[in-house]
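Residue numbers (our numbering): 3 to 195.
Each residue gets a CB set at the ideal place from its N, CA and C atoms; glycine is no exception.
These numbers were taken from a predicted model, which means no experiment stands behind them.
Some notes on the structure that comes next.
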Amino acid sequence: MARRTLQLSLPAPRTWGGRRPGAGRKPTPGRRPGVPHRPRPRHRAAHPVHVTLRATDAVRCLRAARVFPAVRRGLAAASHSGFRIIHYAVQNDHIHLIIEAEDGARLSRGMRGLAIRLARAVNHAIGRRGAVWGDRYHARALATPRAVRHALVKKYRTAVGEVDPCSSAAWFDGWRAEPGARAPRGPSPVARA
(Lines of atoms letter the chains of each structure in order from A and count residues from 1; the text may use other names and numbers.)
(Lines give C-alpha, C1' and ligand atoms only; values in the text may rest on other atoms or scores of the structure.)
Protein backbone atom coordinates (compact mmCIF):
# COMPACT_ATOMS: atom_id res chain seq x y z
CA MET A 1 0.00 0.00 0.00
CA ALA A 2 1.37 3.39 -0.99
CA ARG A 3 1.92 5.96 1.67
CA ARG A 4 0.03 9.17 1.40
CA THR A 5 2.23 12.21 1.22
CA LEU A 6 1.55 14.93 3.67
CA GLN A 7 2.15 18.51 2.61
CA LEU A 8 4.06 20.30 5.33
CA SER A 9 3.83 24.05 5.70
CA LEU A 10 6.87 26.24 6.00
CA PRO A 11 7.00 29.23 8.30
CA ALA A 12 6.19 32.52 6.60
CA PRO A 13 9.43 34.08 5.33
CA ARG A 14 10.64 37.25 6.95
CA THR A 15 10.59 39.78 4.19
CA TRP A 16 12.73 42.86 3.76
CA GLY A 17 10.68 44.38 0.97
CA GLY A 18 7.55 46.44 0.82
CA ARG A 19 6.02 49.06 3.05
CA ARG A 20 6.02 48.42 6.75
CA PRO A 21 6.10 50.48 9.92
CA GLY A 22 9.54 51.93 10.65
CA ALA A 23 10.91 51.20 7.17
CA GLY A 24 13.27 53.54 5.40
CA ARG A 25 16.43 55.42 6.08
CA LYS A 26 16.45 57.17 9.43
CA PRO A 27 17.20 60.90 9.50
CA THR A 28 20.75 61.86 10.41
CA PRO A 29 20.79 63.98 13.58
CA GLY A 30 21.67 67.59 12.87
CA ARG A 31 21.01 67.31 9.14
CA ARG A 32 17.91 68.75 7.52
CA PRO A 33 15.91 66.41 5.31
CA GLY A 34 16.57 66.75 1.62
CA VAL A 35 14.26 66.98 -1.36
CA PRO A 36 12.28 63.73 -1.65
CA HIS A 37 13.25 61.49 -4.57
CA ARG A 38 9.80 61.42 -6.10
CA PRO A 39 8.97 62.10 -9.72
CA ARG A 40 8.65 65.83 -10.26
CA PRO A 41 5.27 67.13 -11.42
CA ARG A 42 4.92 67.67 -15.15
CA HIS A 43 6.17 71.13 -16.15
CA ARG A 44 3.94 73.47 -18.14
CA ALA A 45 5.58 76.24 -20.16
CA ALA A 46 2.87 78.70 -19.08
CA HIS A 47 3.93 78.47 -15.42
CA PRO A 48 7.21 79.91 -14.17
CA VAL A 49 9.01 77.76 -11.60
CA HIS A 50 10.38 78.83 -8.21
CA VAL A 51 13.60 76.85 -7.73
CA THR A 52 15.76 76.63 -4.60
CA LEU A 53 19.36 75.36 -4.68
CA ARG A 54 20.72 74.68 -1.18
CA ALA A 55 24.47 74.63 -0.53
CA THR A 56 26.30 72.08 1.62
CA ASP A 57 27.36 72.87 5.16
CA ALA A 58 30.92 73.48 3.91
CA VAL A 59 29.74 76.35 1.68
CA ARG A 60 27.98 79.07 3.68
CA CYS A 61 29.29 82.14 1.92
CA LEU A 62 27.34 82.68 -1.30
CA ARG A 63 26.81 86.39 -0.46
CA ALA A 64 30.49 87.00 0.39
CA ALA A 65 32.28 89.78 -1.51
CA ARG A 66 34.54 87.38 -3.41
CA VAL A 67 31.87 84.74 -4.12
CA PHE A 68 28.75 86.70 -5.10
CA PRO A 69 30.24 88.30 -8.27
CA ALA A 70 31.14 84.82 -9.54
CA VAL A 71 27.62 83.59 -8.75
CA ARG A 72 26.09 86.58 -10.55
CA ARG A 73 28.26 85.98 -13.64
CA GLY A 74 27.23 82.32 -13.63
CA LEU A 75 23.55 83.24 -13.41
CA ALA A 76 23.91 85.80 -16.21
CA ALA A 77 25.49 83.24 -18.55
CA ALA A 78 23.05 80.42 -17.81
CA SER A 79 20.01 81.55 -19.82
CA HIS A 80 19.73 80.03 -23.29
CA SER A 81 17.00 79.07 -25.71
CA GLY A 82 14.19 77.34 -23.90
CA PHE A 83 15.56 78.09 -20.39
CA ARG A 84 15.59 81.59 -18.88
CA ILE A 85 16.42 82.85 -15.41
CA ILE A 86 13.93 85.65 -14.77
CA HIS A 87 14.74 86.56 -11.14
CA TYR A 88 17.21 85.45 -8.49
CA ALA A 89 17.97 86.11 -4.82
CA VAL A 90 21.19 84.79 -3.28
CA GLN A 91 21.24 83.95 0.45
CA ASN A 92 24.24 82.75 2.48
CA ASP A 93 23.48 79.06 2.01
CA HIS A 94 20.95 78.88 -0.81
CA ILE A 95 19.77 80.55 -4.01
CA HIS A 96 16.18 81.30 -4.99
CA LEU A 97 15.43 81.44 -8.71
CA ILE A 98 12.36 82.09 -10.81
CA ILE A 99 12.79 80.29 -14.10
CA GLU A 100 10.87 79.93 -17.33
CA ALA A 101 11.38 76.82 -19.45
CA GLU A 102 9.66 75.56 -22.58
CA ASP A 103 9.29 71.99 -21.33
CA GLY A 104 10.34 69.64 -18.56
CA ALA A 105 13.41 68.36 -20.40
CA ARG A 106 14.77 71.88 -20.92
CA LEU A 107 14.07 72.74 -17.29
CA SER A 108 15.94 69.63 -16.15
CA ARG A 109 18.91 70.15 -18.49
CA GLY A 110 19.06 73.86 -17.75
CA MET A 111 19.06 73.30 -13.99
CA ARG A 112 21.73 70.61 -14.27
CA GLY A 113 23.95 72.93 -16.31
CA LEU A 114 23.28 75.86 -13.97
CA ALA A 115 24.16 73.82 -10.87
CA ILE A 116 27.44 72.70 -12.46
CA ARG A 117 28.30 76.21 -13.68
CA LEU A 118 27.62 77.76 -10.26
CA ALA A 119 29.48 75.01 -8.39
CA ARG A 120 32.59 75.58 -10.50
CA ALA A 121 32.34 79.35 -10.02
CA VAL A 122 31.92 79.08 -6.23
CA ASN A 123 34.74 76.56 -5.86
CA HIS A 124 37.05 78.71 -7.98
CA ALA A 125 36.17 81.86 -6.01
CA ILE A 126 36.92 80.33 -2.61
CA GLY A 127 39.76 78.07 -3.73
CA ARG A 128 38.27 74.71 -2.86
CA ARG A 129 37.17 71.49 -4.52
CA GLY A 130 34.20 69.26 -3.93
CA ALA A 131 30.44 69.35 -3.87
CA VAL A 132 28.73 72.72 -3.47
CA TRP A 133 25.06 71.73 -3.54
CA GLY A 134 23.76 69.58 -0.73
CA ASP A 135 20.81 68.06 -2.52
CA ARG A 136 18.61 68.08 -5.58
CA TYR A 137 16.98 71.36 -6.42
CA HIS A 138 13.52 72.04 -5.03
CA ALA A 139 11.02 73.27 -7.63
CA ARG A 140 7.50 74.63 -7.28
CA ALA A 141 5.35 75.80 -10.18
CA LEU A 142 3.91 79.30 -9.81
CA ALA A 143 0.52 78.70 -11.38
CA THR A 144 -1.15 82.02 -10.52
CA PRO A 145 -0.13 85.69 -10.70
CA ARG A 146 -0.58 85.89 -6.93
CA ALA A 147 1.92 83.05 -6.41
CA VAL A 148 4.44 84.87 -8.61
CA ARG A 149 3.92 88.12 -6.69
CA HIS A 150 4.37 86.43 -3.31
CA ALA A 151 7.55 84.72 -4.49
CA LEU A 152 8.98 88.03 -5.74
CA VAL A 153 8.11 90.03 -2.63
CA LYS A 154 9.46 87.35 -0.32
CA LYS A 155 12.75 87.06 -2.20
CA TYR A 156 13.44 90.72 -3.00
CA ARG A 157 12.74 92.44 0.30
CA THR A 158 15.04 92.25 3.31
CA ALA A 159 13.83 92.19 6.91
CA VAL A 160 13.75 96.00 7.06
CA GLY A 161 11.89 96.30 3.76
CA GLU A 162 14.85 97.40 1.65
CA VAL A 163 15.85 95.91 -1.68
CA ASP A 164 18.24 92.97 -1.34
CA PRO A 165 21.59 93.86 -2.96
CA CYS A 166 22.34 90.18 -3.72
CA SER A 167 19.30 89.75 -5.93
CA SER A 168 18.07 90.84 -9.32
CA ALA A 169 15.73 93.36 -7.66
CA ALA A 170 17.70 96.31 -9.05
CA TRP A 171 16.77 95.19 -12.59
CA PHE A 172 13.11 94.50 -11.71
CA ASP A 173 10.87 97.03 -13.46
CA GLY A 174 7.60 96.13 -11.74
CA TRP A 175 8.01 98.22 -8.58
CA ARG A 176 5.01 100.34 -7.67
CA ALA A 177 7.36 103.02 -6.27
CA GLU A 178 11.09 103.62 -6.66
CA PRO A 179 12.88 100.72 -4.92
CA GLY A 180 15.61 102.96 -3.53
CA ALA A 181 18.39 101.92 -5.87
CA ARG A 182 18.84 102.50 -9.57
CA ALA A 183 19.68 99.61 -11.85
CA PRO A 184 23.44 99.16 -12.05
CA ARG A 185 25.23 99.98 -15.27
CA GLY A 186 25.82 97.22 -17.76
CA PRO A 187 23.66 94.40 -19.06
CA SER A 188 21.04 92.78 -16.89
CA PRO A 189 22.07 89.38 -15.47
CA VAL A 190 18.53 88.08 -15.92
CA ALA A 191 16.26 87.65 -18.94
CA ARG A 192 13.27 89.94 -19.40
CA ALA A 193 9.99 88.36 -18.39
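The alpha helix (DSSP H) enclosing residue i, as first and last residue numbers
i	result
alanine 204	There is no way to answer for residue 204, as the model of the chain reaches only from 3 to 195.
Buried versus exposed call for residue i [16 or more other C-beta atoms within 10 Å across all chains shown]
i	result
proline 15	exposed
glycine 112	buried
aspartate 12	Sequence inspection shows leucine at residue 12; the aspartate mentioned does not correspond to that position. Exposed is the call here.
alanine 127	buried
proline 191	buried
histidine 45	buried
glycine 76	buried
alanine 60	exposed
leucine 10	exposed
leucine 2	Only positions 3 to 195 of the chain appear in the structure, and residue 2 is not among them; the question remains open.
arginine 86	buried
alanine 67	exposed
alanine 57	buried
alanine 133	exposed
alanine 107	exposed
alanine 171	buried
Host beta strand (DSSP E) of residue i (start-end)
i	result
leucine 55	51-56
arginine 142	140-143
Nearest-angstrom Cβ-Cβ length linking residue i and residue j, presumed shorter than 8 Å
i	j	result
leucine 109	alanine 117	Rounded, the Cβ-Cβ distance is 12 Å, inconsistent with contact.
valine 124	alanine 72	7 Å
aspartate 95	arginine 119	That belief does not hold up - the Cβ atoms of aspartate 95 and arginine 119 are roughly 18 Å apart, past 8 Å.
proline 35	proline 29	6 Å
alanine 143	histidine 49	4 Å
alanine 141	arginine 42	6 Å
The ligand GTP heavy atom lying under 7 Å from the CB of residue i
i	result
tyrosine 90	The model on display carries no ligand, and the ligand GTP is accordingly not part of it.
Does the stretch 34-54 come close enough to the stretch 96-103 to have 3 or more Cβ pairs within less than 8 Å? yes
Counting only runs of 3+ residues fully inside the stretch 64-115, write out the beta strand (DSSP E) ranges in chain order. 85-92 and 96-103
Pair every Cβ in the stretch 74-90 with every Cβ in the stretch 130-148, then say whether three or more of these pairs are closer than 8 Å. no
Between the stretch 151-158 and the stretch 82-94, are three or more C-beta pairs nearer than 8 Å? yes
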